[in-house]
Amino acid sequence: MPRTTGIGSVLVIGSGPIVIGQASEFDYSGVQACRVLREEGIRVILANSNPATIMTDPEFADATYLEPLTLDVMIKIIDRERPDALLPTLGGQTALNLAMELDASGTLAHYGVRMIGAKPEAIQVAESREDFKQLLISMGYEQATIKGGTAHSMEEARGIVDTLGFPVMLRPSFILGGAGTGIAHSEEEFHLMMEAGLQASPVNEVLIEESIAGWKEFELEVMRDANDNCVVVCSIENFDPMGVHTGDSITVAPIQTLTDTQYQEMRSLSFAVLRGVGVETGGSNVQFAVDPATGRMVVVEMNPRVSRSSALASKATGFPIAKIATKLALGYTLDEIRNDITVVTPASFEPALDYVVVKIPRWVFEKFEGVPEVLSTSMQSVGEAMAIGRSFAEALQKALRSIERSRDGLNGDEGEQVFRQLSDEELLRELAIASPSRIFLVAEALYRGIGLDTVHASTRIDRWFLGEIDRIVRTRRWLEGLSGDLANLGYREMLVARRAGFGDAQLGYLFGIDPSQVRARRLALGLATTYQSVDTCAGEFEAHTPYFYSSNEESTEVTGFDAPTVIILGSGPNRIGQGIEFDYCCVHASFALQEMGYRTVMVNSNPETVSTDYDTSSRLYMEPLALEHVLDVIETERAQSNLRGVFVAFGGQTPLKLARHLDPTLILGTSGAAIDRAEDRNLWSALCESLGILQPPGATVTTLDEALEAAAKVGYPVLIRPSYVLGGRAMEIVANERDLRHSFARLASLADEGQISQSRPVLIDRFLEDAIEVDVDAVRDRTGEVLIGGIMEHVEEAGVHSGDSACVLPPVTLGPPVLARVEEIIRAVANELDVVGLINMQFGIQNETVYVIEANPRASRTVPFVAKATGIPLAKIAARLMVGETLAELRAAGVTTSRRGSHYSVKEAVLPFHRFPGADSLLGPEMRSTGEVMGVDSTFELAFAKSQIAAGTVLPHEGMVFLSLANRDKASGLALARQLVELGFQLAATYGTAGYLRSNQVPIEVLVDKVHEEQVKDIGTARDGSVDAVWLLNSRQVVLVINTPEGSGPRVDGQRIRASAQRLRVPCITTMSAALAAVGGIRALRASGYSVAPIQEYHG
Amino acid sequence: MSEDRRDSADRAAETAGSPTRMRGGNEDGRSQTTVDLGSRRRHGWVGDEDLATTPGWLVLKDGSRFSGDFVHTRQSKVSEPVMAEVVFNTAMSGYQEVISDPSYYGQLVCFTTAQLGNYGITEADFQSSKVWVGAVLAPRYTTRVSNFAAERSLLEVLELAGVPLFVNFDARALVRHLRDVGAIPGRLTTEDPEEALVQVRGAVGTDGKNLVDEVSTTSGYTIAPIGESHSGSGSRLVVIDYGIKRAMLASLTGPWEIMVVNAGLGAAEIRALDPSAVFLSNGPGDPGALGEKVATIAALLGEVPIAGICLGHQLLGLALGAATYKLRFGHHGSNHPVARLDDRSVAITAQNHNYAVDEASLADLPVRVQITHRNLFDGVIEGFRCPELRALSVQYHPEAAPGPLEERRFMASAIADLIDERGNGDA
């Protein structure tokens, strides 16, 4: 079937900021979609608020709208662009919801925009659990449905639960990533969860069902074309049984424990679901639960769009679901589309895997104090890593290395000691709880001889998986018996160990020797790592797209490149502080070098990303970013290809940590020694001193006593931070000695957990109060020329982590002398460090004095934002400089021209607090945001307002604003309050704030008692007429909360207010500068509204 | 399937609960003992086996060799060397269906899926009463068996049948080699690989071998009609068993009586059964070695509607006067796209064949033959029909087992159509 006619332009909606449940996978799918559409000669109009994505690079679309993803904005874009069609299936739930709103509002009909890839009716059925269930029943699959019903009120809910009995599963409708879902075991839990669920669902609908927790869980990634041809691209089995969100589960592909009969029944059922729902073209994901005792199979849900699982499935099989889905949406059929990997076969087939894929989520509970590390049906992980092996054991151990939790595998490393110390009783108790550690607890239990059946009974993990883990455990025991002497590791022993997934580091630990000795012995035995290709066909046809994983076989499939080759080390799983921005940089480095005629070799373990698309680099290794695997790749490429070197500067801390162990002559760009000079406090201080650069006074300490002494010397408050961390891990501002002691105790326990390094020193600096923080990204070439990419002024004052702070480019309050000094410093530092490539520096400006906070001679989180704001492709330029080009040459080629016009760009952070109800939403020096959005407009105020809307903060036009300000903020709060009143807002304020404002003639409507009482009082019950803060918020009169807490340490002050605001989704601003910017934004929106424009116009 | 079906001696009914008789043995003519699959029926899962491994070799006729391990229980020892053609199968599930498929008779079958044996053996999924493959090769063997339906482990069943299980070798390298050189004989052994090479150099593949007579039913049996009666009722479908699978028989059930007969029956004997239609089953080996069978089909063509699959498809082609040829490495898997040329729909199909009908030879036939199906991987003819003679066949396995189910009822409805066309001449 040829392409549908009449589609000359398509609007693609992206998924917006990275949030839990919606991450880089939608950049990957969006990039593929844009590529396909442009190859077809279609004009691509793209809407996405996330500047860190590859898809929003100006060359991927004809018109790129870095604008908030709201209905209002979409209508403006459609009005401007008049697209022929809307493709909503590649931007996650965000895009699908927007498309539904556009349809429901009549916009699509009004502008004659055709929805392709999914029909509104199909989306409706798939998204509404009740409709979906009724559909299954009407198709004769009642047995395949879960018993239960939907409720829109507590009364309805009660009726349903009476017939089902406890436990029951609750799921609010139309929600993202499973927020608000959970199992209620008792009346009490049921009541609380129902209330939250009814609120979380935009349609106030909650599904109540029989609990199928503990059942086996499966997913099929399915595609259908316009000719009704269906294929299963990938089958996935969850290691964790039902009860843990699939995004938080360890998952395995292909399915391991179903007979062909059972699998084919599931496959046929998935096709029936697709047809029944009415997914005419494209990819869908169908989830199943299977009763392990009887085999009864139920359909849990289906997503009529590309998903996180489909990104995983694409990487697991080599079948590019998003790309194919886009072609199908255009009317092509599967048999008309070529399989890129084999070239000779069509896309209408089902990939055959001859390997096992394991995905493990990456959690960041450590960032959210007070949140228990318990997994449930609401997703909490922020990233994932994938590994491929010739067996489950090999893949599992590699995946455990890939998630970068300081583990070298399942066991046989330092990290296992934590679990070894548990008593059997503790072990069994913890085993019963789904947690990030459970996989290690399982191994420990089996190691101790706690029977497989016992482990199964408490975890419900399928015995097949437990058996394979047991194989690893038994291999480890056997290795212990050999461990007296390395000579005991002969060829066969080494091979058996390797095939059970044991790496050099684990064997080194077990034999008490350095991993390098194991490595040397292994290579001497002739057991160099081999590589197999991911070819979609289990070897049946020759593969043309080089996508590899390591193995321990006799043959290897990698063939060398004659052209100059560069290895790029990626950034591994997304986590807070190291996410899509670094993948963006790696991808740009790869693109830039390929444009120059180089071959690029990408090493990464993150299946969500564009970097692990086999189209991105000349060769892709899906491998852990662990030393032994990186060394294997380097040795292979060195032997086979014309290897010029390795890029370690683009992937964040992960490759930098590896850099020191690599051959220094291979490191391209800034040297490892220079990186160390910037990281090592003493060397860095000496450097600053020699260049006459001011730093906040500080010291480097390793003990508490030293810390106390140093803090006394520089004066409180002090900022403390461990070295070699990203995202401000464990960074704190402490106001006094008591807090400092507390903070050190915490650092010690983190070091014990292996989350920060034991041996690295801690930095103590005087905290610059009320300073303006500035971030700069620049590049320098080998001749010493420096190009400033962009100078960003933070909206929040110093003390809030730069990753969590909004920032504006260009700066709005800094004068020319300050900016000149900033530029002067960055040139001096870059020259002194002999930087070749990127450098990021952070400054604190206190009373016009410029202090340097830190310098990082590598890619930073802000590089993509700077590129989007200015049009300068900073990462690409850096990559070219790192292989020897000069800025003069690039200037001549027109690459470095800044196309920045007179617009303002604001980057705002997106925080995941609603996922972690126990955590305080107060911003601080430890980064906790998962993603970012960008607002662009002609004024700072409008750009800021757009960034707030894009981040999901509804800036109110009217209503009551609740103020609770720290003493130091009261003066500036007065101006803020006056503006609010002027804009027609009513004010509520806590005692102190109200008193100050009233004494300055600002009317306060409601007086709020902020006392830390647990009891909620009714209005008017207090003698003075004050109301309780939580009561006030619950009454839903408040549209905005401005709460700046007292002091600057980790305080609980105001936490109840913030927690309530978070629960009720009332915007809550915690710094005065952000509040002032927000009010400016409200004023600007009121005055003129806003318009939309593509960045291609801003860049001119 | 109906209750009055009479089981032949070596082809047991899979009636639930009754023990299935399994007969060991393969082309080397080893063990002919029968074993009882049902007696150790367990629920839930089958426990860890007392596994042992013994290093060994797979040596191919062209001299390439692969080092791996034979897996066996501690009590048993590695079986004698086996020597046969080596093929690979890319299906990710369905090893029990494959090992019990007579079409694989004697072959050394390498499964490409990473780990084999995970879900054990379920009697109901067996496709015949015995293990027909000469050996099972796979990258790795499972540690545990886990499936609610599992009754035994794969290893137990293979050991009872005297069929070796060879793993822990570079199976992917083997597949890539076979992809390049085609299916060739190999020898699995614990002996010195040099010695093995001497042995295997003399081996011949399946070319020119009549394997069908060794797998066909000896006494025949019938299956009663099912379903509501319509124009087809009262009719009789004669199934010529070249090595049929249970799933095929199940998928053929319809308003007709099914009479399964020995592959050696002549045209007169078949005529005497008064068939409404004749079905030609799948089976092992080279169609070129089955001249008598081709003659039988040729004699019946035009008299009675004929339908076939796989080997039956190739034999029908030969009977029409076309030629067959050997594919380089055959089609063995569950993921082959086959296009129906009339409506361009594509089915994902199960495949298992090394030979195919030569397209050019179909052009010069005295009767008109329409190509109806084509493999989208390599263009091989996957089906044709001859309306004039009321005959049609497909190369793939519509019955699946293992494989996708979308074509499962294809043959029964095609046969019903053929019977309905009686006397109408053309379609």
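Residue numbers (this note's numbering), protein chains in the order written: chain A, 1 to 1100; chain B, 10001 to 10427.
Even glycine gets a Cβ: it sits at the ideal position worked out from N, Cα and C.
These numbers come from a predicted model, not from an experiment.
Within the model, the alpha-carbon separation for A:L890 versus A:Y584 is close to 21 Å. For A:T529, the CB contacts under 6 Å within the same chain, skipping 5 residues up- and downstream, are S550, D632 in chain order. Taken atom to atom, the span from the alpha-carbon of A:L965 to that of A:N1034 is near 20 Å. Chain-order list of chain A residues neighbouring B:E10097: D260, by C-beta distance under 8 Å.
In this chain, the beta strand (DSSP E) harbouring A:K907 covers 904-910. Listed in chain order, the alpha helix (DSSP H) runs fully inside the region 443-473 of chain A are 452-459, counting runs of at least 4 residues. Counting other Cβ atoms within 10 Å of its Cβ, A:T345 reaches 16 or more and is therefore classed as buried.
Annotation: A:V610 is outside any alpha helix (DSSP H) and is labelled neither H nor E by DSSP.
Between A:V168 and A:A184, the C-beta gap is smaller than 7 Å, which places the two residues in contact.
Residues of chain A with a Cβ closer than 7 Å to the Cβ of B:V10346 are, in chain order, N229, L334, D335, S348. Counting other Cβ atoms within 10 Å of its Cβ, A:Q417 stays below 16 and is therefore classed as exposed. With its beta carbon less than 7 Å from one in chain B, A:Q264 belongs to the interface. Look at B:L10211: its C-beta is not under 7 Å from any C-beta on chain A. Counting only runs of at least 3 residues, the region 319-398 of chain A fully encloses the following beta strand (DSSP E) elements, listed from N- to C-terminal order: 356-362, 383-389.
A:G512: not part of any beta strand (DSSP E); DSSP gives it neither H nor E.
Within the same chain, V835, V836, G837, P857 come within 6 Å of A:T670 by CB-CB distance, once the 5 residues on both sides are set aside. If you check each beta-carbon in the region 10140-10155 of chain B against every beta-carbon of chain A, the ones closer than 9 Å belong to R10140, T10142, T10143, R10144, V10145, S10146, N10147, F10148, A10149, A10150. If you look at B:V10215, you'll find it in the alpha helix (DSSP H) that goes 10212-10215.
Think of a sphere of 7 Å around the beta carbon of A:P241: no beta carbon from chain B falls inside it, the nearest being about 13 Å out. Positions of the alpha helix (DSSP H) runs, each at least 4 residues long and wholly inside the region 114-195 of chain A, are given as 120-127, 129-138, 154-164 in order along the chain. Contact check for B:V10261 and B:V10238: beta-carbon distance about 6 Å, within the 8 Å limit, so the pair qualifies.
Distance from the CA atom of B:Q10395 to the CA atom of A:I337, rounded to whole angstroms, is 24 Å. For the region 468-497 of chain A, the set of residues with a beta-carbon nearer than 7 Å to any beta-carbon of chain B comprises E468, D470, R471, in chain order. With contacts defined as CB atoms closer than 7 Å, A:A659 and A:A879 fail to qualify as a contacting pair. Among the bridge pairs identified by DSSP, A:L1007 is matched with A:A989. By the 16-neighbour rule on beta-carbons within 10 angstroms, A:E553 is buried. When the Cα atoms are used, A:V779 and A:I877 turn out to be separated by approximately 8 Å. Along the region 621-647 of chain A, none of the residues has a CB nearer than 9 Å to a CB of chain B. Assigned with DSSP and collapsed to three states, A:W478 falls in helix.
Distance from the Cα of A:K315 is smallest, within the candidate group A:A151, A:K359, A:V290, A:A289, for A:K359. As DSSP reads the structure, A:G645 sits in a beta bridge with A:V566. Following the DSSP letters along the chain, one finds A:V222 inside the beta strand (DSSP E) bounded by residues 216-224. Just so you know, the alpha carbons of A:N238 and A:I255 end up roughly 8 Å apart.
The shortest CA-to-CA distance from A:L527 to any of A:V518, A:Y547, A:R362, A:R471 is the one to A:V518. Put simply, the backbone Cα of A:L489 is about 48 Å away from that of A:L687. Contacts with chain B at 7 Å (Cβ-Cβ) do not include A:S550.
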